[in-house]
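Trainee:
Numbering (the numbering used here), first residue to last: 104 to 319.
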């Protein structure tokens, strides 16, 4: 006689894992930096969307995007590379700015050092760091160094063109603000991909149902 596993041994996490794999494999996760303009009704709408990469340190971008700090003014830092103690530049448009996002170039020091200096900026720290890559280069994933454990703001990277838009025609001086968010784009999943994931998934679920029915 075959000894069946009790329901407690049904390995529910395995079921969840297969569901997760089947869904996530068909999705491409990335971050977005959106430049927003005000609408006549008092809301905001995106005028430019920039694809962005994240870092393996700092605040979680998804959690950040649901918080009260997710929209802010994109500003340079002093010094511009944020590799030393940072201060905010003089602002003439503070009515738009409840939060501040530091916009800094890649290079000269580590990403985590830039982020730490930005969040510690005088007299009020930046709520996020947006790094921009060199001209002609796409954004890349970022890794932390000795400062990474002290960084508690989100860190993303955009390309050079996005920075030019944020700090040029779509800057805070022209009435625009910026938001950072997570974007998930569902890709088409092939027939064989569905077979690859759904056969094990159905098998595990069926086994669990059989065990539950026998145990009743």
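Glycine included, each C-beta is placed from N, C-alpha and C at the ideal position.
Would you kindly work out how many angstroms separate the C-alpha atoms of residue 315 and residue 171, rounded to a whole number?
Mentor: Taking the first residue of the chain shown as 1, we reach residue 315 at position 212. Taking the first residue of the chain shown as 1, we reach residue 171 at position 68. Their Cα atoms are separated by approximately 45 Å.
Trainee: To the nearest whole angstrom, what separates the beta carbons of residue 189 and residue 224, a pair I think is in contact under 8 Å?
Mentor: Stepping through the chain shown from its first residue, residue 189 is reached at position 86. Stepping through the chain shown from its first residue, residue 224 is reached at position 121. With a Cβ gap of about 4 Å, residue 189 and residue 224 count as contacting.
Trainee: Under a three-way DSSP split, which group does residue 263 fall into?
Mentor: Position 160 of the chain shown, counting from 1, holds the residue named residue 263. In the structure shown, residue 263 sits in a helix (DSSP, three-state: H, G or I).
Trainee: Would you list the residues sitting across from residue 204 in a DSSP beta bridge?
Mentor: Against the chain shown, residue 204 aligns to sequence position 101. For residue 204, which the question treats as bridged, DSSP gives the partners 177, 231.
Trainee: Can you tell me the Cα-Cα spacing of residue 187 and residue 207, whole angstroms?
Mentor: Along the chain shown, one-based indexing puts residue 187 at 84. Along the chain shown, one-based indexing puts residue 207 at 104. About 12 Å.
Trainee: To the nearest angstrom, how far is the alpha carbon of residue 134 from that of residue 167?
Mentor: Here residue 134 is taken as the residue at index 31 of the chain shown, counted from 1. Here residue 167 is taken as the residue at index 64 of the chain shown, counted from 1. Roughly 12 Å separates the two Cα atoms.
Trainee: How long is the line joining the alpha carbons of residue 304 and residue 317, rounded to whole angstroms?
Mentor: For this step, residue 304 is matched to residue 201 along the chain shown. For this step, residue 317 is matched to residue 214 along the chain shown. One C-alpha to the other measures close to 20 Å.
Trainee: Consult DSSP for residue 294 and reduce its assignment to one of helix, strand or coil.
Mentor: Looking up residue 294 in the chain shown gives position 191. Confidence in residue 294 is poor, its pLDDT being 49 and thus under 50, which makes the residue's placement unreliable; the coordinate value appears in the next sentence. Helix.
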